[in-house]
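Number of protein chains: 2
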Amino acid sequence: MTQKIGLIGYGVVAKGFYQLLSQSDLPAEVARICIKNTDKQRDIDQGLFTTNAQELVTDPNIDIIVELIDDAQASFQIVEQALNHGKPVITANKKMIAENLKQVNQWHQMLEAPLLYEASVAGSIPILSTLNQFYRHQEVTQIRGILNGSSNYILSKMRLQKLSMDEALQLAQKNGFAESDPSLDISGKDALYKLVILSYHAFGELTTSFDHIRLESITNMEDQFFDLAAQQGMKIKSIATATKKADKIQLKVQPELVNIEDPLFNIEDENNAIHINGASSGPQLYTGKGAGSHPTGAAVMQDLHLLLHGFRYTIRAPKNTAAAPPIETI
Amino acid sequence: MTQKIGLIGYGVVAKGFYQLLSQSDLPAEVARICIKNTDKQRDIDQGLFTTNAQELVTDPNIDIIVELIDDAQASFQIVEQALNHGKPVITANKKMIAENLKQVNQWHQMLEAPLLYEASVAGSIPILSTLNQFYRHQEVTQIRGILNGSSNYILSKMRLQKLSMDEALQLAQKNGFAESDPSLDISGKDALYKLVILSYHAFGELTTSFDHIRLESITNMEDQFFDLAAQQGMKIKSIATATKKADKIQLKVQPELVNIEDPLFNIEDENNAIHINGASSGPQLYTGKGAGSHPTGAAVMQDLHLLLHGFRYTIRAPKNTAAAPPIETI
């Protein structure tokens, strides 16, 4: 039977998902779409739209909620209500997941309705399903990645086209690789959200406060630092790292000097990459587009495929309980 | 309830799988192991062993068959019998799968018991589950990969240590990266088996004959070709390619000149890599170890995880029926 989807939001990723779903043979269709403003002219049947998210979440004819809005607070409320109504949920809201990891873990453990969010991390790279399937039964010792396409794009353009950071940022915005408010990208906060989610799935780590995590903006660097790196045949990249040492997980996001031997050396522009070290598999590298309507929409499509096949995340036993010490600073 | 596994074979990969399973929290355990020769001293409980595969396949107390032997013909018989007895099967036998694709497709479509074989392609890289989940609902346009660790190791050593092909082969054998009979590796046939399996999962392509596929051994190259490549800053690598053009799939395995812009340029030694182009996601690269006891055992562990969670391959509708034209030569 065709599953009815309530789609919350109709921005870039939601449109990509809508298009991919309508071309696919998955037994599911978008039945309603919740948006903020119904006055806007839309390219699809105007009758699909509503401004009342509550309506979708409680409607017994809606089987699955796909939530793709920016607002983390509104996202949390919608996801919570939908799950409590027994509806499976797919979301891409990294801030909502990362800032509510304890609650998310309870949802994963206590509720029948699954919650998936592949598109929240590294755009098109199917890293969460890989962590939950391939890496679930081996120890992960380290994850190191380029998780923010905007800042990587800016650093690439500064190096290759000798632009200043401001010029590179303007170019990124012009080409759609940075938000109109790029502060989350530049500060490393966006990458940190993703790293916190990866760390939850790789280690079972429940990060509840970001205060002690080293987080350094790409703007903290002097111009001459870039010249020095280039002279040595090295590059500066904003790297997110989660390392397991003696059962403690260390997280950091900071600009780093990488040399040609580094698996992340060749990752340029808006691409993302994740390098993982597993005790059984050895090192692996996954690269792909970190954002975009269809690339990120494809990750939402995978979640839908998995939902329809009864898949849910099987999280490792959390290491970090209320009684445990906070995350170590590095 | 703990699932009982009948393990067929106790070679390098089977031992890796046995070790990883015994350390894991998966509700499954190896109940019997079928080997050729019970006289050999084993490092685990001698009572687990039998030489009668039939016994495991028909035993109502065995829930799952994990088949990890080299012999493709024996593998086929065991897998067929197990599936017909309603037992889910995990195998790593690429030759058996690739040479019996039509039968495998019927098993996938007609039988209740699932058949998974992640470890048959690219060792530790979880590419088949990725093709069946992330890539299942978008068009794949090309797969290009380094799928044979032995030949890649030989080519790396020839270039970096200026060895002849014979010397590099001996080094590969000494370090456990090549079989005592390396002809399948060197000829490209091993990579071709893997490419045929990838092509089935990426395109739904049922390759039934290998006669018209371009297959070129790495031994066909003159020594001076290597010097020429080096002078141009290029490398020679054995590349397996499956390309979709106007609804036809073209397969080939051959040594190719790759330059520094090529995503496969940096894949050295026994590593494998797969570069995929998907219509929605754009290009992606997956790299990892192509062989080894624990890396390949980890892929078997993933299959077991998926089996226990009710996963099975959802293959695209096959393109290539009996009435269809054979695969185009290139």
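Protein chains in written order, with the numbering used here: chain A, 1 to 330; chain B, 1 to 330. Here a beta-carbon is modelled for each residue, glycine too, at the ideal position from N, C-alpha and C.
{"Query": "Residue range of the beta strand (DSSP E) that B:S238 falls in?", "Result": "235-245"}
{"Query": "What's the call for B:E67, buried or exposed, on a 16-neighbour Cβ count within 10 Å?", "Result": "buried"}
{"Query": "Check each candidate in A:G188, A:F203, A:Y10, A:I315 and name the one with the smallest Cα separation from A:S217.", "Result": "A:G188"}
{"Query": "Using CA coordinates, which residue listed in A:D43, A:G292, A:I197, A:D45 is at the minimum distance from A:A178?", "Result": "A:G292"}
{"Query": "Which residues of chain A have a Cβ atom closer than 7 Å to the Cβ of B:H305, listed in chain order?", "Result": "Q133, R136, H137"}
{"Query": "Leaving out five residues before and five after A:D70 in sequence, what residues of the same chain have Cβ atoms less than 6 Å from its Cβ?", "Result": "none"}
{"Query": "Taking all protein chains shown into account, do 16 or more other C-beta atoms lie within 10 angstroms of the C-beta of B:I5, making it buried, or fewer, making it exposed?", "Result": "buried"}
{"Query": "For A:I331 versus A:I97, is the C-beta distance shorter than 8 Å?", "Result": "Residue 331 of chain A cannot be examined here, being either before or after the span of chain A that is shown, 1 to 330."}
{"Query": "If the cut is a Cβ gap below 7 Å, which residues of chain B does A:L206 touch?", "Result": "In chain order: nothing, as chain B lies at least about 18 Å away."}
{"Query": "For A:A387, does the count of other Cβ atoms within 10 angstroms reach 16, so buried, or fall short, so exposed?", "Result": "In the structure as shown, chain A starts at 1 and stops at 330, and residue 387 of chain A therefore has no counterpart that could be examined."}
{"Query": "Please state whether DSSP places A:K162 in a helix, a strand or coil.", "Result": "coil"}
{"Query": "Counting only beta-carbon separations shorter than 8 Å, does A:L20 have a partner in chain B?", "Result": "yes"}
{"Query": "For a contact defined as C-beta to C-beta under 7 Å, what are the partners of A:S24 on chain B?", "Result": "H137"}
{"Query": "Could you list which residues in chain A have their beta carbon closer than 9 Å to that of B:L285, in chain order?", "Result": "A273, L285, Y286, T287, G288"}
{"Query": "Quick one, which of A:W107, A:G290, A:Q81 has its alpha-carbon nearest A:I125's?", "Result": "A:G290"}
{"Query": "Just checking, does the region 154-163 of chain B make contact with the region 201-211 of chain B on the three C-beta pairs under 8 Å criterion?", "Result": "no"}
{"Query": "Taking DSSP as the reference, what is the three-state secondary structure of B:I330?", "Result": "Confidence in B:I330 is poor, its pLDDT being 34 and thus under 50, which makes the residue's placement unreliable; the coordinate value appears in the next sentence. The answer is coil: DSSP assigns B:I330 none of H, G, I, E or B."}
{"Query": "On the DSSP bridge list, what partners appear for B:K50?", "Result": "The residue asked about is misnamed: residue 50 of chain B is Thr in this sequence, not Lys. Paired residue(s): B:C34."}
{"Query": "Examine chain A for any beta-carbon lying closer than 8 Å to the beta-carbon of B:H309, and answer yes or no.", "Result": "yes"}
{"Query": "On the three-pair Cβ rule with 8 Å, is the region 296-315 of chain A touching the region 306-315 of chain B?", "Result": "yes"}
{"Query": "Relative to the C-alpha of B:I267, which candidate in B:D166, B:G145, B:S280 has its C-alpha closest?", "Result": "B:G145"}
{"Query": "I want to know whether the region 134-145 of chain A touches the region 226-245 of chain A - three or more CB-CB distances under 8 Å.", "Result": "yes"}
{"Query": "Does any residue of chain A bring its CB to less than 8 Å from the CB of B:I327?", "Result": "Only weak support exists for where B:I327 lies, its pLDDT of 37 falling under 50; the value from the coordinates is given anyway. No - not a single Cβ of chain A is within 8 Å of the one on B:I327."}
{"Query": "Under a CB-based cut-off of 8 Å, is B:T321 close to chain A?", "Result": "Note that B:T321 scores 40 on pLDDT, short of 50, meaning its location in the model is unreliable; the coordinates nonetheless yield the value given after this. No, no contact with chain A."}
{"Query": "Taking the straight line between their C-alpha atoms, what separation do you get for A:P114 and B:L184?", "Result": "45 Å"}
{"Query": "Helix or strand or just coil, what does DSSP make of B:N271?", "Result": "strand"}
{"Query": "What do you reckon, are the CB atoms on B:V258 and B:K235 nearer than 8 Å?", "Result": "yes"}
{"Query": "Is the CB of B:Q302 under 8 Å away from at least one CB in chain A?", "Result": "yes"}
{"Query": "Along the region 184-203 of chain B, where does the CB come closer than 9 Å to a CB of chain A? Name the residues.", "Result": "none"}
{"Query": "Rounded to a whole number of angstroms, what is the C-alpha to C-alpha distance between A:D95 and A:S75?", "Result": "Asp is not the amino acid found at residue 95 of chain A; the sequence shown has Lys there. C-alpha separation (whole angstroms): 10 Å."}
{"Query": "Please check if any C-beta of chain B sits within less than 8 Å of the C-beta of A:P88.", "Result": "no"}
{"Query": "Reducing DSSP to helix, strand and coil, say where B:P27 ends up.", "Result": "coil"}
{"Query": "Rounded to the nearest angstrom, what separates B:K237 and A:K40 at their Cα positions?", "Result": "54 Å"}
{"Query": "Sort out for me which residues DSSP pairs A:N277 with in a bridge.", "Result": "A:Q142, A:P283"}
{"Query": "Looking at A:F203 and B:A298, is the spacing between their C-beta atoms short of 8 Å?", "Result": "no"}
{"Query": "Buried or exposed for A:F17, going by 16 or more other Cβ atoms inside 10 Å?", "Result": "buried"}
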